[in-house]
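**Q** The structure's right below; bear with me while I get my questions together.
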Amino acid sequence: MDHPDQVAGHVARTVLGETSAPEPLAAGAWSTAYALTVAGRPMVLRVSRHGGDFAKDEAVGAAARGKLPVPEVTVRGETAGWAYAVSERLTGTPLDDLDAGALDAVLPDLFDVMDAIGRIDVGGRGYGVWDESRTAPYRSWPQYLLAVEHETPRVPGWRAALAASDIGLEPFERGLATLRRLAPDLPDERRMIHDDLLERNVLATGDRISGVLDWGSASFGDPLYDAAWLLYCWGWHPQWSSIDIEAAIGRRWNPDPAALRAYRIHIGLGSIAYCTTRDRWDDVALNAEWLLALA
């Protein structure tokens with residue numbers, strides 16, 4: 059089986075005993091999701107080459123039960139080199155699809171959810187993105203942030219490609235130099251971070267958050283990082299320009315401006331690396347522009 063559709067059909071028939079074909083829902087960077095009904099319940103089946111992401115979803119779902127709307131993973135396994143997971147299907151509208159009025163209404167509950175994310179305890183050790191053993195590879199939060207200069211198995215080959223492009227390495231190197239100056243004074247907190255609150259990973263119904271999905275990027279560190287993620291990504295959503303998200307974050311958490319700046323720089327650096335590997339050069343250029351402004 060060399061395509062997620064084939065894997066999804068196989069899992070539905072042989073593991074779940076369902077005769078109806080799964081219906082495609084969405085395809086993300088690392089997994090593909092399908093809708094199906096299992097024993098009369100609406101569920102989601104996801105297929106990926108990265109089974110550790112589904113293990114993290116399962117761990118967070120168990121730890122957050124009754125505290126956050128995180129879907130419960132009911133079945134998880136592997137077949138033919140692919141990982142799969144089945145979870146309850148939560149309903150709602152992705153934050154990305156809300157207009158300014160609807161997002162403004164749900165923002166207080168989103169901030170409450172972000173606070174609750176920071177209180178989730180799955181145990182484990184280390185800083186940075188944690189794996190299915192709940193281990194993150196860095197000894198401190200600043201050390202994790204500065205490791206953004208290195209390539210990873212999921213994001214390989216970006217440095218040479220960026221150096222050979224019209225954009226070049228200068229924006230990345232200038233941003234990294236500023237991050238190095240800021241890193242020693244950053245708080246060394248170790249709490250849960252979702253690290254991907256947009257990209258259709260958070261659902262809303264009315265003025266309440268109804269689902270928090272996809273914990274594959276979840277990290278241990280300073281939970282202010284999730285607020286910085288919102289602030290950085292706001293520019294990709296011109297429909298929200300009437301909402302002063304920086305002021306809203308300031309009123310809620312009174313954050314250290316230097317920390318907020320450092321985390322936005324880190325997000326920009328990671329975005330340049332990721333978009334380079336995907337040949338999304340317009341996005342690389344825009345991230346480089348924003349990064350130079352922050353640096």
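Residue numbering for the sequence shown follows our numbering, beginning at 59 and increasing consecutively.
Every residue, glycine too, gets a C-beta built ideally from N, C-alpha and C.
Just so it is clear, the structure is predicted and the values come from calculations on it, not from any experiment.
Which same chain residues end up closer than 7 Å to Val69 when comparing Cβ atoms and leaving out the 5 residues on each side of it in sequence?
**A** Leu103, Thr137 and Tyr142
**Q** Compute the distance between the beta-carbons of Tyr332 and Tyr283, then report whether it is under 8 Å.
**A** no
**Q** Would you kindly work out how many angstroms separate the C-alpha atoms of Cys291 and Gly182, rounded to a whole number?
**A** 29 Å
**Q** If you scan the stretch 180-224 from start to end, which runs of the alpha helix (DSSP H) of 4 or more residues do you find wholly inside it?
**A** 199-204 and 216-221
**Q** Can you name the start and end residues of the beta strand (DSSP E) that Leu94 belongs to?
**A** From DSSP, the beta strand (DSSP E) with Leu94 extends over Ser89 to Val96.
**Q** Since Leu240 and Ala316 should fall inside the 8 Å C-beta cutoff, what is the C-beta to C-beta distance between them, to a whole number of angstroms?
**A** 6 Å
**Q** Could you compute how far the alpha carbon of Lys125 sits from the alpha carbon of Ala174?
**A** 7 Å
**Q** Would you say Val260 and Gly269 are within 8 Å of each other, going by their C-beta atoms?
**A** yes
**Q** DSSP on Ala276, reduced to helix/strand/coil?
**A** coil
**Q** Output needed for Thr335: all residues of its chain with C-beta closer than 6 Å, excluding positions within five of it in sequence on either side, in chain order.
**A** Val213 and Trp216
**Q** Tell me the rounded alpha-carbon separation between Asp157 and Trp298.
**A** Their backbone Cα atoms lie some 7 Å apart in a straight line.
**Q** Any contact between the stretch 63-78 and the stretch 91-109? By contact I mean 3 or more CB pairs, one from each, below 8 Å.
**A** yes
**Q** Report the three-state DSSP secondary structure of Ala351 (helix, strand or coil).
**A** Reduced to three states, the DSSP call for Ala351 is helix.
**Q** In whole angstroms, give me the CA-to-CA distance for Phe7 and Trp199.
**A** Here the chain covers residues 59 to 353 and nothing more, so residue 7 does not appear.
**Q** Which of the three DSSP states, helix, strand or coil, is assigned to Met59?
**A** coil
**Q** From Asp60, Ile267 and Glu209, pick the residue whose C-alpha is nearest to that of Pro166; which is it?
**A** Per the Cα distances, Ile267.
**Q** Could you pull the start and end residues of the alpha helix (DSSP H) that Pro229 belongs to?
**A** For Pro229, the enclosing alpha helix (DSSP H) begins and ends at Glu228 to Leu240.
**Q** With the cut-off set at 8 Å, would you say Pro245 and Asp280 are in Cβ contact?
**A** yes
**Q** What does the alpha-carbon distance come out to for the pair Tyr196 and Leu204?
**A** 10 Å
**Q** Ignore the nearest five residues each way along the sequence and tell me which others in Ile325's own chain have a CB closer than 7 Å to its CB.
**A** Ala286, Trp287 and Tyr290
**Q** Following the continuous alpha helix (DSSP H) through Val164, name the residue where it begins and the one where it ends.
**A** Ala158 to Arg177
**Q** Is Val213 close to chain D, meaning its C-beta is less than 8 Å from at least one C-beta of that chain?
**A** Judged by its chain identifiers, the structure shown contains no chain D, having just a single protein chain.
**Q** Check each candidate in Gly135, Arg238 and Ala160 and name the one with the smallest Cα separation from Ser300.
**A** Ala160
**Q** So for Gly124, helix, strand or coil by DSSP?
**A** coil
**Q** What residue range is occupied by the uninterrupted alpha helix (DSSP H) comprising Glu304?
**A** Ile303 to Trp311
**Q** Taking the alpha-carbon of Val128 as reference, which of Asp254, Ala276 and Ala120 has the nearest alpha-carbon?
**A** Ala120
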